[in-house]
Structures are given as structure tokens and as C-alpha cells.
Amino acid sequence: MVPSATSHSTPLTSRPRMGQLTRYFGLLGVLVAMCALFGVLSEHFLTMASFSTIANQIPALAVMAVGMTFVLIIGGIDLSVGSVLAFSGAVMSVAIVQWELGLFPGIILALATGILCGAFTGAISVSFKIPSFIVSLGMLEMARGGAYSATGSRTEYIGGNISMINDPLIGKISPAFLLAVAIVVLGHILLNRTVFGRHLIGIGTNEEAMRLAGINTHPPKIVVFMLMGLLSAIGALFQVARMEAADPNAGAGMELSVIAAVVIGGTSLMGGRGSVLASFFGVLIIAVLESGLAQIGASEPTKRIITGIVIITAVVLDMYRSRRANRE
Amino acid sequence: MTVQPHSLLRLRGIGKTYVAPVLQDVDLEFHEGEVLGLAGENGAGKSTLSRIVGGLLAATSGTMEFLGDGYKPANRREAEHLGVRMVLQELSLVSTLSIAENLFLDALPRRFGLLDRQTLHERARPLMARVGLDGLDPGVPVGQLGIGQQQMVEIARGLIGQCRLLILDEPSAMLTDRETELLFAQINQLRDQGVSLVYISHRLDEIKRLADRIAILRDGRLVEVRAASEMQVDDIVRAMVGREVGNALDLADRSIGGPILEVRNLSRGHAVRDVSFSLRQGEILGFAGLVGSGRTELMRLLFGADHRDSGEVLLEGLPFNPRSPRQAVQAGIAMITEDRKEQGLLLPLAISTNVTLANLASVSTAGWIDQSAEVSVAGRLIDELKVRCRGGRQAVKELSGGNQQKVVLARWLYRDCEVLLLDEPTRGIDIGARYEIYGLLAALSRRGKSLIVISSDLRELMLLCDRISVMSAGRLVATFERGAWDQDAILTAAFSGHLQTTSQELA
């Protein structure tokens, strides 16, 4: 007798995954509809030129959205990402231009700066049980101050040797875009296929239950903020390469674009639920919207009003969708 | 001599259908000056029935008559206008507002458009006195009260104005024994005033004690209405479950070994005072005591969730001082918490995720989860524990309480812990499923696992345990061997510590 062979087996067709798929299709549908709309409104929108512009603009936003997805999943938030970007960029430019350390040491120092900022936010928030909203608000000021003092409040020109990150590689696609896509894919796998990712989802869902299941919840939370810092520094790398300069005002207000992109992708601010891939769609939606509105000649105020409406609509639709899924 | 009871409300063929019928063809009378106990398993239709009577739901079939007139309340306000009031299971108080403000939330007295606090407090005081809250300031925010006191405020709100029929849905679930006594006194007083009361509870001994008549629902149908004096608790259980439930557990042919966990003079604050005991391998040791007697706190110390002030614990002969639950789990100790939704399960996540949580290492290599291994582990445990579900990927929140508890047990079964600390393992679980849990615990013990079971249900402990230890006011006051215990002795022990502290405080 083999009892297990005849017992009711677990179906492999999974409902959660179907839900995930319909979400991607929904976001893709919105994206296609927006492209079509702007294509009708502006004859220049559906051209290679405008798509390559978008592709070269989004890498920083895309990698930071990966980090922010993790942060929101553990029920946190990081408001300092724009400032950390500026600070890391400033450190890099100072290392290369003033200290003449060379390109790669400069990059390493920038990444280390980002990681340290994240480690600080994470460690303070976790060990003193202070909401990350508050700690990262403090970090937002500190890192911005750091960026100003490192650059002497002036834009620091680096020159052409860093622009290779952003120079077209294949056709008009830059290494920065490819690297960003690779990071999105890695982030997605990390969240869905690893013990670390499982722990993050569990912590965001019910941290006390995780603790009582014998899991130490503090280290993964701090690591998430470090990851966020690292990805902000990588964002800095992309931005500095594009401008060939480090601007101490870079990334001001960027935290809101990053959070908006992640939320449009359907990641919950309450923690426990989210998808890196969906956040990437959110980034694409925001980028298409911005560049499309610019192309049809919308004024700055109009652009901001419409972006705001899109963010709220996306969240309302997602709420409606998840409520309906809950009822079923 | 009994007087012919005066009928207040009469239900005829009441039914409620959503997609499937949840209540069918209920004929029931509510009498003035009588307590009607309403019993049934979860989902039997008790809450639906009381919501229909209270005007929160409309019946899809049948009629109701209130004092001979047709009764069909469109909403709760209409029902309350006739004096039909209900105290719901969930608290619906505004925690930042004061007691008095909560009591009169829909009719706050005003003077020149401003809140008239003096009148408000004057009106609140007599109401508070009726439920024994007269020692409190009516201006205290409800959020500062204990959960039991909040429940009493909720009940006081039900008593405002005319009250002819009062429905109490699980009113004692959050109360301490002292508060429960106060509630019972209040119920008896209302009954003497001619109010008709409906008492819904999972605690059958309370129903048996309070009710004049007992009505039992099963799968949406009324299966039994009889005078309480004609029914024993066992009869109620049989009617609720619809079959004989096994009373005997297969606890024979186990080998109970030497001590695996030895606790010496363990203390933490006032909650746990100088507790010593030992747990033998393969044994089921019960912990009885009142709510707040320190049992849960003791388990949290053993599990590393809290830290001891003093004392010593030996695990398999070696000193054991866990600094975190992680260390306890690594040492082979598991704790199943009383509140499985808040402290045990990841409700929106899959059964498989919940089952492998404490032992992810065994379904992963170098940090990568092997998803097919995970699904097959979950499938195996679902079969073994007979978890009723659609499959391993179903979200835990969609399961019934009993099946959720099986998922928690599956997690620790998979972790293969040697010592299991179970805090109220059958709380909120249907009687049928409860016996399945007992069977699982007995099976664990047969496999040589050592179990500590905390329960407020003495029958449960007497059924399951080899020994029962009793805690009172933080101290372990007595331990009884199987065969040498009786209910009265255990209860006396459970109260003993409280009597001492009171007399000490008085002295």
C-alpha cells in the first residue's frame, strides 16, 4: 500500500499566480493604451527616438523602485532616496575630480556611501523601533546636507570618462538600461525564490508571528534598507553618467516618484504584498506619461495635475481589484 | 409553580440565503423574563439569527411577530425603538472618546451647540453603576480601560432606554471570571425585571448555568429547544455536533521517559513567581489556572519570547537560557500561541508558506527555495493532518479555525520539535474539530514528543493530560496525577493564590 499516491494531491495550478498574471496584463494594458493615446495626440510619440529617450531616462528610477518595493513589503518607507542619490553622486565626483582616485574607486566609494546611509536608517529604525518614515526623513536632510558640503554647493563636472555607462551600446540602448533591467529581474527572483524574500514577505505580513516562528526579524529589515541605499547609489551612477556631472540638488523630490511608481504597480503601503516586476511597470507608466505629456506640449502645471490623477486612479483601481479578490 | 410564560417575540420559518442557505426554517419563541441560551458550532447560524432579530439583516423567508404585531425591522434603529437591542461580539467603541461619550454617541446632550459634559456624565453614572463600573470616572477614554471593562461599557450601551429583548453575542469571551460574575448578576437582574434575554456563547457551562431554555442550531437549522434543566452539557454537545463525540483518547501504550525539561525557581516580575516543575519525555502536562495566573507568561519565558529575572531551566540535563524564540526553536522547543491569527499565522499567505516557515532550510539550498519540494511537503502534511482545503497554495485566512490550527501544528510537526508548548490550542474551534486536535496531540505524545498544554477548559485537560499543574497569581500551587484529580480540587487551587494576595493586601 502506498497511501500518499492515492491521496488527494495538491493542485499545481495556483490561484495566487493567476492573480499575479492578471495584474501584469492589467498594467501592460494601461501602458499600451497610454502609448496609443499619445501616439494619436502626437505624431512624434511613436518613434524610436522618443522610446530611446524614455529608456535612457528611467534606469535610476527603475533600480530605486526595486529597493522601494522591498522597503514597502516589510511595511517600511524610505523618504531619503533622492538625497542619498545626490550624496552618493557628490562623493563620487569629489573622489574622481578632487582626490583624483580614478573612476572605479570613485564608483566603489559612491556605492559604499549609499549602503552606509541605508544601514544607518535601517539600524536606527529597527533597534529603537522608530517608524522608518521618521528616520528616513532625518536621513533625507542629512544626506542632502552631505551632498552640499561635499560639492561646496556647486555642480561638480566630471567629464566624459564616466559617460560610457550611458553611451548607446546596442542600437540606442545604453548599458545603464540593460543593467537596470537586470537588477529588476534579479530583484524579482530574490523576492520570489529565496528564503530572504520569503522572510521579507512574512515580516511585512505579521512580524510577531515570524518572530515566534523562530526567525530573527531584525537583520533582514536592516539589509533591506542597505539594499535601498545601494540601489540609490547605483541610481546616482546612472544620473551622473548622463549629466557628466554631480549636482547637489539631484534627485530632489525623487522619493515621491519612486513611491508613486511602486504604488502604481500595486505594492501595498501596509506591507506584505508587492511585486518587483509590477513596480517596473509602474516606472514605465510614469516615464511614458511624463514624456508623452511633454511631447503633446502640456505645461508643467498640467503635467503635475495629470500625474497626480493617474497615481490616485491606479491606487483606487488596485484597491477595488484586491477587495474583489478578497470577496471571492 | 411555573406561570405560563408570556411570549414577546415569535419567529416562524425564518430563513436566510446568500448563495447557499445559512439559516433555514427556524421557529422560535422568546419569552419575557427568561434567558434563552443559543448554542451551536461556528457557522451554525447563531449570529445570522441574532442579526435578523436585531434588525441588522433581513430574513429571506419567514415572518416575525412582536407582541402579536408583525415585526420586520428595516435597520437596527427600528429594532431598538421597539426595545430589541443587541451587544455584538466585536467591540464597536471609539477608543479615544470617553465612557460617557461612547454611551450616548448618537444622542450627545448639547447646550448652545456645545457638548454639555456635566449632563452627559450625570446620565452616564447610573448606567455605569448598573454594570458595576461605578468606580470609574465617566470622562476616562475607553481606550484606557481593560478589554473586560470595555465589554461592560458595550453592554451598558445596550441597556440605554427601553430594553425588552437583549441579545448578548459571546459577551464573556474577553471577560475575567470576576467580570463574568458581574455580568451574570446583571443578566439575572434584567430577567427579574421581565426582560427577555438571548445568551450566545461557546462556553456551554455558562449557557447551562444561566439559561432557562436552550436552543441549539446546527447547519442553519434549529435542532433542539428544551428547558435547560432537562439538558446536560453532554446533551448540548451531542445536539451541536449531531453525533456522539469520542470521549476516550488513545493515550495507552506510550512510554513516558525521564525529565526532558526541568524548571527551577523561575521568576519574572509579578507574573511568574518562583515556579518549579519538570516535564517528562512523551508526557502531556496540563496547566490549569485563571486568566492572568501567569501560565502564558511562563511559556513565553521557556520560549525565549520574554526574559527571566531569576531561576534556572535545564533542557535534556543542560542549562537552557534562550535569548530569543529563534534560540528556543533551534533547541527543539515550539510554542503555539493562544492568538493564532495575531501571533501564529501569516493569514493572507499560502498554507505551504505557513507550514514550512519554521524550517525553510530543509526546502532550500543556499538560500534558494525549492518550490516543488515545498508544495510536496505541504501536501503530505495536509493529508496527514486532514486539513480541509483546496490545496497547499490556498490562503490560510480562507480556512476555518480548526483547520488554521492544524496548519500551525503542521508547521511544528515539520520542524520536528521535541517539546511543544501549546497555549489554549482549541480556543475558538468547533467541538468536532477539537477532537481531531486532541487526537493529533495524543499522536504526537505517542511519537515521544513532550507537550505542555494550557487550557481554561478543565474537561479538556482532564481528557488529555497525564498530569495537571495549577497556577494561581503567578505561582505553581499544585500538581495532580491522572486519577488523583477532581474538578473541585483544581478549582480551589486555582483560586488559592488570589485569596492570599487579597488578604495580604488587606492586612
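First to last, the protein sequences are chains A and B.
The first sequence stops at residue 347 when you use the working numbering, and every number in between is there.
The second sequence stops at residue 1063 when you use the working numbering, and every number in between is there.
Built from N, CA and C at the ideal position, the CB exists for glycine as well.
Cβ-based burial, residue i [other Cβ within 10 Å; buried from 16]
i, result
"residue 928 of chain B", "exposed"
"residue 118 of chain A", "exposed"
"residue 942 of chain B", "exposed"
"residue 78 of chain A", "buried"
"residue 253 of chain A", "buried"
"residue 953 of chain B", "exposed"
"residue 725 of chain B", "buried"
"residue 1050 of chain B", "buried"
"residue 112 of chain A", "buried"
"residue 24 of chain A", "Residue confidence is low: residue 24 of chain A scores 35 on pLDDT, short of 50, so the model does not pin down where it sits. Its coordinate-derived value is still stated next. Label assigned to residue 24 of chain A: exposed."
"residue 557 of chain B", "For residue 557 of chain B, the pLDDT reaches just 42, beneath the cut-off of 50, and the residue's location in the model is therefore unreliable, although a value from the coordinates is still provided. So residue 557 of chain B ends up on the exposed side."
"residue 924 of chain B", "exposed"
"residue 826 of chain B", "exposed"
Which listed residue (the options) has its alpha carbon closest to that of residue i
i, options, result
"residue 958 of chain B", "B/1004, B/578, B/991", "B/991"
"residue 640 of chain B", "B/648, B/649, B/630", "B/630"
"residue 1011 of chain B", "B/762, B/736, B/845, B/599", "B/845"
"residue 816 of chain B", "B/592, B/876, B/1036", "B/876"
"residue 885 of chain B", "A/231, A/266, A/256", "A/231"
"residue 148 of chain A", "A/94, A/121, A/101", "A/94"
"residue 141 of chain A", "A/249, A/289, A/270", "A/249"
"residue 834 of chain B", "B/1034, B/570, B/598", "B/1034"
"residue 987 of chain B", "B/664, B/714, B/759", "B/759"
"residue 103 of chain A", "A/180, A/75, A/47, A/160", "A/160"
"residue 913 of chain B", "A/57, A/213, A/137", "A/213"
"residue 709 of chain B", "B/591, B/720, B/738", "B/738"
"residue 594 of chain B", "B/780, B/1042, B/575, B/1028", "B/780"
"residue 335 of chain A", "A/192, A/86, A/228, A/282", "A/282"
"residue 110 of chain A", "A/308, A/164, A/143, A/40", "A/164"
Residues of its chain near residue i, where Cβ-Cβ distance is below 8 Å and the 5 sequence neighbours each way are ignored
i, result
"residue 993 of chain B", "958, 961, 962, 965, 981, 982, 985"
"residue 182 of chain A", "260, 261, 263"
"residue 1072 of chain B", "In the structure displayed, chain B extends from 557 to 1063; residue 1072 of chain B sits before or after that span and is not available."
"residue 201 of chain A", "none"
Residue i vs residue j beta-carbon contact at 8 Å
i, j, result
"residue 195 of chain A", "residue 105 of chain A", "no"
"residue 757 of chain B", "residue 728 of chain B", "yes"
"residue 330 of chain A", "residue 279 of chain A", "yes"
"residue 694 of chain B", "residue 680 of chain B", "yes"
"residue 945 of chain B", "residue 937 of chain B", "no"
"residue 723 of chain B", "residue 687 of chain B", "no"
"residue 831 of chain B", "residue 819 of chain B", "yes"
"residue 108 of chain A", "residue 259 of chain A", "yes"
"residue 535 of chain B", "residue 684 of chain B", "Nothing can be reported for residue 535 of chain B: it is not among the residues displayed for chain B, which extend from 557 to 1063."
"residue 996 of chain B", "residue 1009 of chain B", "no"
"residue 890 of chain B", "residue 977 of chain B", "yes"
"residue 234 of chain A", "residue 177 of chain A", "no"
"residue 822 of chain B", "residue 888 of chain B", "no"
"residue 60 of chain A", "residue 315 of chain A", "yes"
"residue 850 of chain B", "residue 828 of chain B", "yes"
"residue 627 of chain B", "residue 621 of chain B", "yes"
"residue 682 of chain B", "residue 672 of chain B", "no"
"residue 840 of chain B", "residue 1022 of chain B", "yes"
"residue 300 of chain A", "residue 284 of chain A", "yes"
"residue 794 of chain B", "residue 812 of chain B", "no"
"residue 70 of chain A", "residue 185 of chain A", "no"
Same chain only: Cβ atoms within 6 Å of residue i, ignoring 5 sequence neighbours per side
i, result
"residue 935 of chain B", "948"
"residue 97 of chain A", "90, 155, 247"
"residue 226 of chain A", "236"
"residue 651 of chain B", "698, 699"
"residue 1061 of chain B", "With a pLDDT of only 45 at residue 1061 of chain B, under the threshold of 50, the placement of this residue in the model should not be trusted, and no figure is reported."
"residue 735 of chain B", "704"
Sequence-distant residues of the same chain with beta carbon closer than 7 Å to residue i, five excluded per side
i, result
"residue 601 of chain B", "578, 579, 773, 776"
"residue 573 of chain B", "616"
"residue 732 of chain B", "704, 847, 848"
"residue 49 of chain A", "304"
Neighbour flag for residue i against chain C, beta carbons, 8 Å
i, result
"residue 884 of chain B", "Here the protein chains are A and B, and chain C is not one of them."
Any 3 or more C-beta pairs closer than 8 Å across the region 910 to 924 of chain B and the region 240 to 253 of chain A: In the pairwise beta carbon analysis, the region 910 to 924 of chain B is classified as not touching the region 240 to 253 of chain A: fewer than three pairs are separated by under 8 Å.
Inter-stretch contact (C-beta, 8 Å, three-pair minimum) for the region 214 to 224 of chain A and the region 123 to 131 of chain A: No, the region 214 to 224 of chain A does not touch the region 123 to 131 of chain A.
Contact the region 564 to 571 of chain B vs the region 603 to 621 of chain B: 3+ CB pairs below 8 Å: Of all C-beta pairs linking the region 564 to 571 of chain B to the region 603 to 621 of chain B, three or more are shorter than 8 Å, placing the two stretches in contact.
Segment contact, 8 Å Cβ cut-off, at least three pairs: the region 867 to 875 of chain B with the region 898 to 907 of chain B: Because the criterion of three Cβ pairs below 8 Å is not met, the region 867 to 875 of chain B and the region 898 to 907 of chain B do not touch.
Stretch pair the region 261 to 269 of chain A + the region 286 to 300 of chain A: three plus CB contacts closer than 8 Å: Look at the beta carbons and you see the region 261 to 269 of chain A not touching the region 286 to 300 of chain A: under three pairs across the two are nearer than 8 Å.
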